[in-house]
Each structure stands twice: as structure tokens, then as C-alpha cells.
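Numbering (full-length UniProt numbering), first residue to last: 1 to 362.
Inspection log for the structure reproduced underneath, given as C-alpha cells.
And the structure:
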């Protein structure tokens, strides 16, 4: 009975999600579009770019509006309404409006793209467009509505409304006297005053939202990491699945082969001689009686690897001796690190003696 209880407890703890997400899980979730992202950052940057567009192109937009109104009340008003003239009026009004709003729209789009690239980098996925029954499940929907995350989002929205509203009220209160005086001035001055005041309120509100979005991004990242956590059993299951994936296996083998080849290449400069085919085989031989009683193989390779070994040997002034039958036989008979078998002693001894004579003459 005690053993059973202990087993159940261990299973319970194994199911707790206490481990950080693995790179594979992060990659899989990213493919689904699940990343740490704050909508407040998007909103704040979008408003910042839009406000910047209004400040920079405000005069252009105002003049375009005035021209559109002037043209409407001096030209269009005298036209006889027919199907053709109505089409022309609609076409001209829409075209002028599009030109007027284009700078703001373009900068707003740039702002939206910039905010997303800033947070998650380039990401394109169609997973969110796929039909999922869970999205229309009323039980799951109720859980989302009454979840802790929904409560946090509600409190966050209320806080932003109260804060921006308070700042807006303070600015209006500061300019209340000037605002009352607009009743005694002309329309142009009143328009300038309200435009400037609105611009001030907008800029202050945007910087408040930018400030708050930093904290929101930190919270979203914390919440994302929390939801991404895995249990020890999840990690074990993922590892088992990866082990059975042919693509993962092939990548791992290729990586291991690359590491082994690189390590082997680093031994070539220590060789006494490299015996070549000359194009298909290369074997690096070393004789050091303190290491082994007979010469041994430091590295070996065929085709591309053999050519790379020859390049390394040439770069480090290692002697290369061409012996086609010996190179082929050594490659097939000996592994890296093995000593030369007795049947090759005579041939290897002659080659080493030849190399030592060359070194002595040099």
C-alpha cells in the first residue's frame, strides 16, 4: 500500500510543468503563431506613427480638405445630376480623399509592421485561419471569459482608460480659460486652438500608452513562458518522438559526422606522412614510440575528405607519398587510431625512412 502511494506521488510530481520549454516546442508553437506579443505595444506604436503623420502632413491634409470643399461648392453644385456626372463626382471625391489620407495610412501600416517585427520578428503562419471546434465550444469560451488572464486584461484596460482620461481632463483644465475665450474669436483661431490642444492630448496619451506597453510586454512574456513550461514527462516524450524522426536522425548523424571530420582534420598537421591514392584515398600516418609501439593512423578519408586532407597537409608542410595499392589497402584494413598491422610494416617502414631522409636533408 505504501509503495503504491509513493508511485502515485511520483507520477503527480512528474506531471507538474516546472521545466522551461525546449527549443523544439518553441519552434512548434511559433509555427502555430503562438509567441510572446503585446497588443498594447502594437497600439501605442501604431498611434505614434499615425500622430507623426498628422503632424508632418497636417497642412497638406487641411489644404486638401479645403480644396475639396471649395471644388464641391463651386463646381459640383452647378452640375446637372445625371448618371455620368454622378459617377465622375464620386470618382473625384474618392480619389482626392485617398490622396489626402494616403500618408497617414502608409505610415500607420509601417508602424503596425514595425511593432510586430520588433516583438516577434518575421512570422507568417496560416494556423490561426484553420477551423477549430474548440473556438466555438461554449465551455472553453466561458473558461476564457472568466479566466485570470481575462481579469488581468479587464483591469489593465480600465486602468488605461482612467489614466488617459485623467491626463486629458488635466490638459483641458489647464486650457479652460483659452477654451472659453474661443467663443469670442473667429472660426480660424478657434480651429487652430482646438487642433493644437487635441494634438497635445494625443501626444501625451501616446507616450503614456508607450510607457504602459513596456510593462504589458513584460507581463505577456512572463505569462507566455509560464504557459510554455513542460513537465519532465513531456520532455521525455518529446525526446522519444525526436529519436524516431528520420529527419532528426539524419541531421544528427550528419552533425556527428561533421564534428568527427573536423576533429580528424585537426590531427593531420601532426602526421609524419600522408599516403595517397592520389585522388580517392588519403591516410595520415604517425610514428611515436611513446604513444604506440608501431605507426598508427591519425586520419583517413576518401574523395572530398581525402582532398581536404591533402590541402591541410600541404598547408602544414607534411610530406605526401603516392602509393595507390597501399593507400587502398590501409583504408580498408585500419580504423582511425589503430596501429599498422604486421603485413604493412615493411611498406610503412620504407616510406617513413624515405620521409626522415628528406627531413634530414632539409
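We put the beta carbon where it would ideally sit given N, CA and C, even for glycine.
* Which residues in the same chain as residue 354 place their Cβ atom closer than 8 angstroms to its Cβ, once the five residues preceding and following it in sequence are excluded? -> So the qualifying residues of the chain are 321.
* Asked: DSSP three-state call for residue 253: helix, strand or coil?
  -> Residue 253 falls in the helix class under three-state DSSP.
* Excluding sequence positions up to five away, which residues of its chain have a Cβ less than 6 angstroms from the Cβ of residue 53? -> 103, 104 and 107.
* Considering only the beta carbon of each residue, do residue 44 and residue 229 sit closer than 8 angstroms? -> No, they are not a contact pair.
* Asked: Between 327, 40 and 42, which lies nearest to residue 347 when the distance is taken from Cα to Cα?
  -> It is 327.
* **Local conformation of residue 49 per DSSP, three classes** => DSSP places residue 49 in helix when its eight states are reduced to three.
* To do: Could you tell me the distance, in whole angstroms, from the CA atom of residue 236 to the CA atom of residue 223?
  => Looking at the backbone, the Cα of residue 236 and that of residue 223 are separated by about 24 angstroms.
* Going by beta carbon distance, what residues of the same chain come within less than 8 angstroms of residue 273, once the five residues before and after it are set aside? -> By the criterion of a C-beta distance shorter than 8 angstroms, residue 273 is surrounded in its chain by 284, 285, 318, 319, 320, 321, 351, 352 and 355, once the five residues flanking it on both sides are discounted.
* Asked: In whole angstroms, what is the alpha-carbon distance linking residue 296 and residue 241?
  -> In this model, residue 296 and residue 241 are separated by some 41 angstroms (Cα to Cα).
* Asked: With distances taken between CB atoms, is the gap from residue 220 to residue 50 smaller than 8 angstroms?
  -> No, Cβ-Cβ distance for residue 220 and residue 50 is not below 8 angstroms.
* CA-to-CA distance, residue 111 to residue 58, given in whole angstroms -> When rounded, the distance between both Cα atoms is 18 angstroms.
* **Per DSSP, the bridge partner or partners of residue 281** => Residue pairing by DSSP places residue 281 opposite 302 in a beta bridge.
* Within the same chain, show all residues whose beta-carbon is closer than 6 angstroms to that of residue 89, passing over the 5 residues directly before and after it, in chain order. => Sequence-distant partners of residue 89 (beyond 5 residues in either direction) whose C-beta falls short of 6 angstroms from its own C-beta, in its chain, are 76.
* To do: Count the other C-beta atoms from every protein chain shown that fall within 10 angstroms of the C-beta of residue 310, then say buried if there are 16 or more, exposed otherwise.
  => Buried, because 16 or more other Cβ atoms sit within 10 Å of the Cβ of residue 310.
* Cβ separation of residue 238 and residue 34, assumed to be a contact under 8 angstroms, to the nearest whole Å -> Between residue 238 and residue 34, the beta carbon gap of about 16 angstroms keeps them out of contact (Cβ cut-off 8 angstroms).
* **Local conformation of residue 275 per DSSP, three classes** => Of the three classes helix, strand and coil, the one that applies to residue 275 here is strand, per DSSP.
* Asked: Would the beta-carbon of residue 341 fall within 8 angstroms of that of residue 333?
  -> Contact: yes.
* Asked: Across which residues does DSSP place residue 64 in a beta bridge pair?
  -> BP columns for residue 64 are empty, so no partner.
* Could you give the DSSP three-state label for residue 267: helix, strand or coil? => If DSSP states are grouped into helix, strand and coil, residue 267 belongs with coil.
* According to DSSP, is residue 339 helix, strand or coil? -> If DSSP states are grouped into helix, strand and coil, residue 339 belongs with the strands.
* Asked: At which residue ranges does the segment 61 to 121 contain complete alpha helix (DSSP H) runs of 4 or more residues, listed in the order of the chain?
  -> Counting whole runs of 4 or more residues, the segment 61 to 121 contains the alpha helix (DSSP H) stretches 83 to 120.
* To do: Pull up the DSSP beta-bridge partners for residue 364, would you.
  => It is not possible to answer for residue 364, since the shown part of the chain is limited to 1 through 362.
* Check the DSSP bridge columns for residue 309 and list the partner residues they point to. => Within the DSSP secondary-structure output, residue 309 pairs in no beta bridge.
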